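One structure below.
Below, the structure is given as structure tokens:
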């Protein structure tokens, strides 16, 4: 048995994302051999009661009610930021200065400026850094990337990507903290559009220019205290894009598309073939090849659970599907490999900055009503 | 047997659309009772050989090599225009002046100005007029319209509509007349985008403003004579829209989306439900209702072949599907009913004008790079 | 214009099947060139009022209230039998003796003995004969046949075929004549199982042995006159089969499978690939090939509307789908070609006899509870 | 923090099923609160090298190279049997006699007789016992059970169930130990048919009689040592069934259905609705209700990830899907609850015996060629 270095995780935030990340570190060694192995050393949060319960249930060895304590601890090698994006920059910069490796939830920051300062900090500190665009790590998406890189679908002309949710479809559903920009940092745009921007950058290439709009369909909602409160984040964000390689794209993110629980979907058309993916059937990739024999052409549905598919060999025999949480396990595997080998796997803070530039360009376009260069 | 008035059709153009329209008139009386019954009196075209063969095969009683002859004939009540759009205005205006009812292929004209002059002509002449947006007449689309009008999906927030074809996906496929704007009148935008604009106007409402772009991915193609020729029509047209009722939309039409043979698809999201349709499975409507019981919510796939579905009772028992050609039969039924009762069923030349305004607004936006009001 | 021989059709029965056949003859010349061209000369039925209306609407030149009159007429070349199967044999044998070509609805007869006497009659008379298993003539099914014959899916091991309807799912739906064996001739078994037996014979090969059961779930239903009546036909028929070539199969036909309007579906697995088809999306064929590259294997959905697909070139451009009625047009094309060239295209009365043998073997097995040889 | 009793697991077998069970125990406390909490105390196997590696990777505290050692250990409360079925009875009976709770892989035993002796042993010992039919524990399947129990689909008439795999589709794929009945215990019938029999018993009810056949398409395969070896287990098992409540069913299990990696699928039709499920999209349940409004009827696709769906609240927000491994976690939850409250949750050894009776009845029928009563 070869000697493995354990690395200590310090995670901030114990709700939805905190749970997803915790689980990933916990499950990683079960499925994969990695250069270094994560240990769930400490989780941080402000509400001690909830934190304590969560820490226990999720298997953390300790907890801290002030995230700054994590930076003091020698047994913590990696800081994982699962807080609202308003606090990302402060934490990340402090952690980098403390010499901690970093993994941060998306979007990276509140602005391009903030994002750049974070990137500068991790570069200066020489630590490993990643941003948590987990959907890249669905085996089907990774497989799509390989097929595209091999030229299987040729030169890309189109991407159409949507990220549709519906938890706000009812105009009478109550006001919650996520609808307050001060608390949540962003609305649909930062929450959902950020993901499909990342997928487009990963699979198609860099954005050149965008034009878009953002909309809040229900502008006032009733709070638990019976008061009507203003919603100051967007319900939907849609935009068109030109890519540097000549492709064009349409993008739509919304929280009011009834019947779409978590429909992160795209189709990419090249001059030799096409690819379709839908998160809700995330194990399947649809592939069309123009050079299939005449009369035998059609989208084929590939179940990306074969041992030749990315990450699949670590899990179960072919046809035995995996789910949402595995995208985080696969991402954690990359992080561990990055740390063991001394590089920052993509998507890292540079991707985070580039993503933020696109987000901000769309916002600018939504304000000024015309195309904005992404640069 | 009740006494029926026969009305004489004079159709101009005998290729794809001429065939679809001819078939519709021929089949209509088999499936439906209408106030007046069409007779295939004369078809017009320029190439006598091809025309003669087509006339015989399709069951036309006579043919004319000059469309003007049709206007002279007393036995012709309706002029059906299936020519490239460059000639629509001239024919329509002359026919209206000759007192003929009119049905015209889409897009109505080469410009808003031309379209308006056509509308003026038919109004002045007091003839019945329609534009051939056949996809409205899929039973599933008509059913969608009824459900929306009943308020089943509530206030509409989103439409995303695409019309994807792939016959130009290969950059080495040859140059053809449809790629010459002079001959074809328009590219993808007028050919395909016009259809989804019509569906949006039908189902969602009037456009308020648009922003878009048009793209020709392959700018030179090789002609049959071995010469490289410039493609001066668009391969793709994409745009965003705001509607007067507050809804927003994304639209994409393209001829280079490999694997999509004729994918005219839309999804509409209201605050009480959603609707999805895809022409390639045109008999099915997908419907999601937010007030289905908890845990039992999901898109249901309705096979719109029940006798309660629009037009379905004329055809076959439930589950026995119909196809593309039936959209034209249903449209022809409306035209006959309009003539017998003396009104111009929607979509008519007014719809054609409004559609053209949207088309032109998108073109303008594609040129000037910013939002354009649709008015 | 080349000289074509017209052949006169005399059709018996003017309800569902009469309508489907009438339409096919009417539409055939519009879409296809055939050696001889059908004319709708006379339709026969017993109820003069209904018959007259149907004749007029469907475009028949004349009608007869006694089918025997059709046999007397020199202008009738083909007798088309769309009556309940109880009368098939009498009509077919008389028509053959009168020298008429024959096309008969399925199942061919009430028993193997009867079917054989019909086959003997047409053979003796030297007339052309077909049985109307229309589902064979979906382009996707014909394409499946070609792929199988080319060895694309290798040696066949499995077929699983179902024909599911649901018009009797409600135990309180009323008693109708189709539930009376005396009037209808057969229940689900003869109505629906006959079709999937034909598809299996067409695509897989001859049956060797079967074991099955038949079931009537609702044994009494209320008639319009308020009386409870006994249902003496089967609601469902299911059986297993061994084929002469070593394949095995499962078959199920039912009228009580809620949500399945007309779900005629099969999947065939060979040792090099698989094929799936579902009538409700009849234009699509799903094809899996084991020799697709590793990681790129999956069922591909082929839209069988390309000009290379059987019959498709006669209709519309690729992606423009056809429907139920076109299966009859395609079958009528074969009949006309058979008559013009002097042979009986498959499926003909020999197929009808072989189909009947399978039907009867299943019935026998359902009675005696064990495997029955098909011979 | 409330005081929890830990229970020690001793698991025998460390391959595919050993991995699935190990993971379930490991992950259970992360997602669910249970009365007792499993600890991975010891894993047993014969090959020390492989065992040691597996133990370490999967997080077992210790290992034993003789399963009998597990029975000696006081810290082991539950014996989990993941060995080939030939050894189930010996281990289970010994474990029961040693007072250990039991969870056993399916099929329970090599024969009904053996299965009954196992049931007798656990009953005599008074220990908790379960059999690992994990597919029951997909949330969509549990939800189907609740809908059926509430009468939502009415009286059941039909089930059609298939379990299709394709890893033996190639007749030239090599001989492996699973094709040796001596080593594997059973072929497709015990491996796959056992699962769909369980689902049918769970959702429809008890079997009354069956008729079936079993087939080995490729009777000789080449072993790694270059020798041709006889395959003495079945490639496929198909059968018809009658249920005590009047329903009828068709069942098919095979390893040679190309393109079907792990297609465990069923459709159930009642007189008020229907249910469809397919493991490869295991989060989705399709539901059809006959009392939906006219024209709005259709199968709805329910994403069973809402907090109201069974087990779903323990995992992720709605729309964030789970996979194969979660069926084992859910089953482990039931086992823990059973142990903490002192009962044997279904499916237990009684279910195992009843399942074995069906399996054996089909085998008997395959031999004697007629219906066999299940009793």
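Protein chains in written order, with the UniProt record's numbering: chain A, 1 to 375; chain B, 1 to 375; chain C, 1 to 375; chain D, 1 to 375.
From the three backbone atoms N, C-alpha and C, an ideal C-beta is built for every residue, glycine too.
These numbers come from a predicted model, not from an experiment.
Listed along chain A, the residues sitting closer than 9 Å to residue 171 of chain B by beta-carbon distance are 154, 155, 271.
Residue pairing by DSSP places residue 215 of chain D opposite D/236 in a beta bridge. Rounded to the nearest whole angstrom, the C-alpha separation of residue 141 of chain C and residue 140 of chain A is 31 Å. Within chain C, not a single residue places a beta-carbon under 8 Å from that of residue 268 of chain A; the smallest gap is close to 16 Å.
Annotation: residue 8 of chain D has no Cβ neighbours in chain C at a cutoff of 9 Å; minimum Cβ distance is about 41 Å.
Judged by DSSP secondary structure, residue 360 of chain C falls within the alpha helix (DSSP H) whose first and last residues are 349-368. The three-state reading of DSSP puts residue 277 of chain D in strand, counting E and B together. Between residue 157 of chain A and residue 247 of chain A, the gap from beta carbon to beta carbon is short of 8 Å. Contact between residue 125 of chain C and residue 92 of chain C does not hold, since their C-beta atoms are separated by about 10 Å, which reaches or exceeds 8 Å.
If the five residues before and after residue 128 of chain C are omitted, its C-beta is found closer than 6 Å to the C-beta atoms of 101, 338, 339, 344, all from its own chain and listed in chain order. One thing to note: residue 364 of chain A has its Cβ no nearer than 8 Å to the Cβ of residue 358 of chain A. In the three-state reduction of the DSSP assignment, residue 342 of chain A falls in the coil class.
Sorting C/266, C/10, C/348, C/25 by C-alpha distance to the C-alpha of residue 144 of chain C places C/266 at the top. At least one C-beta of chain C is nearer than 8 Å to the C-beta of residue 281 of chain B.
Taken through DSSP and simplified to helix, strand or coil, residue 229 of chain C comes out as strand. Under DSSP, the beta-bridge partners assigned to residue 103 of chain B are B/80, B/130. Counting the other CB atoms within 10 Å of its CB gives residue 222 of chain A a total below 16, which places it among the exposed residues. Within the DSSP bridge table, the entry for residue 64 of chain B names B/44 as partners.
In the displayed model, residue 305 of chain D falls within coil according to three-state DSSP, outside both helix and strand.
When secondary structure is reduced to three states using DSSP, residue 25 of chain A falls in the helix class. An exposed status is given to residue 172 of chain C, since fewer than 16 other beta-carbon atoms sit within 10 Å of its beta-carbon.
In this structure, residue 39 of chain B lies near residue 6 of chain B, with their beta-carbon atoms less than 8 Å apart. In this structure, the straight-line span from the alpha carbon of residue 50 of chain D to that of residue 8 of chain D is close to 22 Å. An exposed status is given to residue 149 of chain C, since fewer than 16 other beta-carbon atoms sit within 10 Å of its beta-carbon. The beta-carbon distance between residue 89 of chain C and residue 117 of chain C, rounded to whole angstroms, is 6 Å. This is short enough to meet the 8 Å contact definition.
Interface criterion not met: the Cβ of residue 101 of chain A is under 8 Å from no Cβ in chain C. Rounded to whole angstroms, the gap between the alpha carbons of residue 75 of chain C and residue 98 of chain C is 12 Å. Identification of chain D residues near residue 288 of chain C by a Cβ-Cβ cut-off of 7 Å yields 258, 259, ordered along the chain. Here the C-alpha atom of residue 297 of chain D lies approximately 16 Å from the C-alpha atom of residue 285 of chain D. Each residue's CA atom was taken as its position, placing residue 133 of chain C and residue 321 of chain D some 43 Å apart. Rounded to the nearest whole angstrom, the C-alpha separation of residue 203 of chain C and residue 281 of chain C is 19 Å. Contact check for residue 236 of chain D against residue 254 of chain D passes: the beta carbons are separated by less than 8 Å. Taking 8 Å as the cut-off, the Cβ atoms of residue 111 of chain C and residue 334 of chain C do not count as close. Beta-bridge partners assigned by DSSP to residue 37 of chain D: D/6.
Excluding five sequence positions before and after residue 167 of chain C, the CB atoms of its chain that fall closer than 7 Å to its own CB belong to 255, given in chain order.
Residues of chain D with a Cβ closer than 7 Å to the Cβ of residue 223 of chain C do not exist; the shortest Cβ-Cβ separation is about 20 Å.
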